[in-house]
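Here UniProt numbering is used: position 76 in the sequence shown is 76, and no number is missing along the way. Ideal placement from N, C-alpha and C gives every residue a C-beta, glycine not left out. I have placed the structure first, in the form of structure tokens, so that the comments after it can refer back to it.
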Amino acid sequence: MQIGLYPGTFDPITLGHIDIIRRATVLVDRLVIGVAINRDKGPLFSLEERVSMIQEECASLIEQTGTEIVVHPFENLLINCARDVGAQVIIRGLRAVADFEYEFQMVGMNRALDDKIETVFLMSEARHQAIASKLVKEIARLGGDVGKFVTPQVRDALRARYEASQRP
Numbered sequence: 001m002q003i004g005l006y007p008g009t010f011d012p013i014t015l016g017h018i019d020i021i022r023r024a025t026v027l028v029d030r031l032v033i034g035v036a037i038n039r040d041k042g043p044l045f046s047l048e049e050r051v052s053m054i055q056e057e058c059a060s061l062i063e064q065t066g067t068e069i070v071v072h073p074f075e076n077l078l079i080n081c082a083r084d085v086g087a088q089v090i091i092r093g094l095r096a097v098a099d100f101e102y103e104f105q106m107v108g109m110n111r112a113l114d115d116k117i118e119t120v121f122l123m124s125e126a127r128h129q130a131i132a133s134k135l136v137k138e139i140a141r142l143g144g145d146v147g148k149f150v151t152p153q154v155r156d157a158l159r160a161r162y163e164a165s166q167r168p
């Protein structure tokens with residue numbers, strides 16, 4: 001069984017993430033979506049909320065593709081998470097050249113830690129390449145429409161979160 005790990009903070013999950021997840025299901029029998037617990041980033045959504053959003057967004061993909069998709073929170077090294085879930089491949093999404101620079105360094109470090117685990121890069125579709133969770137949150141915080149970047153459920157969760165934070 002080919003197992004892939006697609007890691008990220010997913011704060012929140014975007015259409016770009018969903019595009020990479022959908023395309024990764026063609027490459028593996030089981031896709032583990034590793035939700036990073038990164039306290040330094042100060043996520044908008046709790047770990048439980050992010051896991052729940054991902055599970056909801058992936059439910060239809062599981063039906064459509066027949067690929068097993070599992071959501072797995074982790075707080076250790078990425079390479080250790082890959083070992084923990086039995087992944088032979090780490091899947092990373094690329095949006096632009098700026099992503100490549102960072103990812104190139106990560107691959108080198110991960111290969112030094114475990115050269116048996118490969119990394120595969122998937123380019124986001126052109127219409128999703130500008131989407132970044134950080135920018136989506138900023139647009140939502142300032143009252144903009146993020147409907148082109150996230151699903152309606154995630155849009156509503158963002159709206160509710162920012163409306164709640166603005167109440168006296």
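Among Glu68, His128, Leu5, Tyr162, whose alpha-carbon lies nearest the alpha-carbon of Gly143? Position 143 of the sequence shown, counted from the start, is the residue given in the question as residue 143. Ranking the options by Cα distance to Gly143, first place goes to Tyr162.
I need the DSSP call for Met53, collapsed to helix, strand or coil. Indexing the sequence shown from 1 puts residue 53 at position 53. In the three-state DSSP reduction, Met53 falls in the helix class (H, G or I).
Go ahead and pull the three-state DSSP assignment for Val32. Along the sequence shown, read from residue 1 onward, the residue named residue 32 stands at position 32. DSSP places Val32 in strand when its eight states are reduced to three.
Going residue by residue through the segment 52-113, where are the continuous beta strand (DSSP E) segments of at least 3 residues, counting only ones entirely within it? Fully enclosed beta strand (DSSP E) runs of no fewer than 3 residues occupy 68-74, 89-94 of the segment 52-113, in order along the chain.
Which of the three DSSP states is assigned to Pro152 in this structure? Taking the first residue of the sequence shown as 1, we reach residue 152 at position 152. Pro152: helix per DSSP, three-state reduction.
Would you call the segment 8-17 in contact with the segment 131-150, where contact means no fewer than 3 C-beta pairs closer than 8 Å? Segments in contact, yes.
Decide if Glu138 is buried, meaning its Cβ has at least 16 other Cβ atoms within 10 Å, or exposed. One-based indexing of the sequence shown puts residue 138 at position 138. Flag for Glu138 reads exposed.
Based on the DSSP output, what are the partners of Ile3 in its beta bridges? The count along the sequence shown starts at 1 and reaches residue 3 at position 3. Here Ile3 is bridged, per DSSP, to Arg30.
Does the distance from the C-beta atom of Ala32 to that of Leu5 stay below 8 Å? Translated into positions along the sequence shown, residue 32 becomes position 32. Translated into positions along the sequence shown, residue 5 becomes position 5. According to the sequence shown, residue 32 is Val rather than Ala. Yes, Cβ-Cβ distance for Val32 and Leu5 is below 8 Å.
May I ask which residues mark the beginning and end of the beta strand (DSSP E) holding Leu122? By 1-based counting over the sequence shown, the position of residue 122 is 122. Segment 118-123, the beta strand (DSSP E) holding Leu122.
On a CA-only basis, which of Ile20, Ile21, Glu49, Arg30 is nearest Ala160? Give me that one, please. Position 160 of the sequence shown holds residue 160. Comparing Cα positions, the closest option is Glu49.
Which residues does DSSP list as the beta-bridge partners of Gly42? The residue given as residue 42 occupies position 42 in the sequence shown. In DSSP, Gly42 forms no bridge with anything.
When Arg30, Ile20, Asp99, Ala164 are compared against Ala140, the one with the closest alpha-carbon: Within the sequence shown, the letter at position 140 stands for residue 140. Considering only Arg30, Ile20, Asp99, Ala164, the residue with the shortest C-alpha distance to Ala140 is Ala164.
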